[in-house]
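Here is the structure we will look at.
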Amino acid sequence: MRFLGDYADYFVHGRYVGAALPHLPWADGAFDLVLCAHLLFLYAARFDFDWHAAACRELVRVSRGEVRIHPLCGLDGKPWPELERLRRTLAAGGIDSEIMPVDYEFFIGTGTTLRLKGTLS
Ligand SMILES: C[S@@+](CC[C@H](N)C(=O)[O-])C[C@H]1O[C@@H](n2cnc3c(N)ncnc32)[C@H](O)[C@@H]1O
Numbered sequence: 001m002r003f004l005g006d007y008a009d010y011f012v013h014g015r016y017v018g019a020a021l022p023h024l025p026w027a028d029g030a031f032d033l034v035l036c037a038h039l040l041f042l043y044a045a046r047f048d049f050d051w052h053a054a055a056c057r058e059l060v061r062v063s064r065g066e067v068r069i070h071p072l073c074g075l076d077g078k079p080w081p082e083l084e085r086l087r088r089t090l091a092a093g094g095i096d097s098e099i100m101p102v103d104y105e106f107f108i109g110t111g112t113t114l115r116l117k118g119t120l121s
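Quick note: the sequence shown, position 111, residue 111 per this note's numbering, numbers continuous.
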């Protein structure tokens with residue numbers, strides 16, 4: 001309800017911007033903290049490995065702090081099977097990652113978040 005109220009009040013002021021990963025309409029380092037919820041990893045049948053890697057790079061590009069992506073499982077609650085490969089791929093491109101436990105579990109299997117931080121400037 002808080003979101004719907006905010007959306008109604010501030011859409012006309014440009015607070016909400018439509019965009020589609022893996023391309024975002026913001027400058028490099030535009031945000032201190034970038035959050036991405038219930039998109040990456042959850043829809044593995046629709047988005048392939050390369051899309052996930054490109055989306056992660058784009059989220060890091062617009063962040064000057066860190067990126068948090070939640071959760072790390074598919075719709076079946078099982079861990080996304082390509083996660084370690086993705087982390088290696090990102091690391092090779094200068095993006096560090098860390099899996100963090102969280103105390104918020106929307107459904108079984110959603111108890112972890114991926115933190116990303118670019119190490120290249
Ligand atoms: C399950 S909803 C999650 C919404 C919200 N982030 C949350 O956690 O409540 C998934 C959202 O991803 C959006 N979406 C689908 N494809 C996308 C893309 N390529 N880039 C960005 N968002 C996308 C959908 O429109 C939908 O709003």
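Each residue gets a CB set at the ideal place from its N, CA and C atoms; glycine is no exception.
Going by other Cβ atoms of all chains shown within 10 Å of its Cβ, with 16 needed for buried, is residue 113 buried or exposed? On the sequence shown, position 113 is the one that residue 113 refers to. So residue 113 counts as buried.
Who are the Cβ neighbours of residue 173 in its own chain at under 6 Å, not counting the five residues just before and after it? An answer regarding residue 173 cannot be provided, because it is not within the stretch 1 to 121 covered by the chain.
DSSP state of residue 91, grouped into three classes? Along the sequence shown, one-based indexing puts residue 91 at 91. Helix.
Express the C-alpha separation of residue 118 and residue 95 in angstroms, rounding to a whole number. Looking up residue 95 in the sequence shown gives position 95. Looking up residue 118 in the sequence shown gives position 118. Distance between the alpha carbons of residue 95 and residue 118 is about 4 Å.
Hey, is residue 75 close to ligand 1, as in C-beta under 7 Å from one of its heavy atoms? Here the question's residue 75 lines up with position 75 in the sequence shown. No, the Cβ of residue 75 stays beyond 7 Å of every heavy atom of ligand 1.
Identity of the residue in 27, 32, 76 and 89 nearest residue 51 by Cα: By one-based count along the sequence shown, residue 51 stands at place 51. Comparing Cα-Cα distances from residue 51 to each of 27, 32, 76 and 89, the minimum goes to 89.
Residue 116 Cβ short of 7 Å to ligand 1 heavy atom set: By one-based count along the sequence shown, residue 116 stands at place 116. No, Cβ of residue 116 sits at least 7 Å from all heavy atoms of ligand 1.
Considering only heavy atoms of ligand 1, does any lie closer than 7 Å to the CB of residue 21? Position 21 of the sequence shown holds residue 21. Correct: residue 21 has its Cβ closer than 7 Å to ligand 1.
Which residues bound the beta strand (DSSP E) around residue 27? Taking the first residue of the sequence shown as 1, we reach residue 27 at position 27. Per DSSP, residue 27 belongs to no beta strand (DSSP E) and is neither H nor E.
Does the distance from the CB of residue 61 to the CB of residue 32 come in under 8 Å? For the purposes of this step, residue 61 is identified with residue 61 of the sequence shown, where counting begins at 1. For the purposes of this step, residue 32 is identified with residue 32 of the sequence shown, where counting begins at 1. No, Cβ-Cβ distance for residue 61 and residue 32 is not below 8 Å.
Judging by CA-CA distance, which residue of 107, 59 and 56 is the nearest neighbour of residue 79? Position 79 of the sequence shown holds residue 79. Nearest C-alpha to residue 79: 107.
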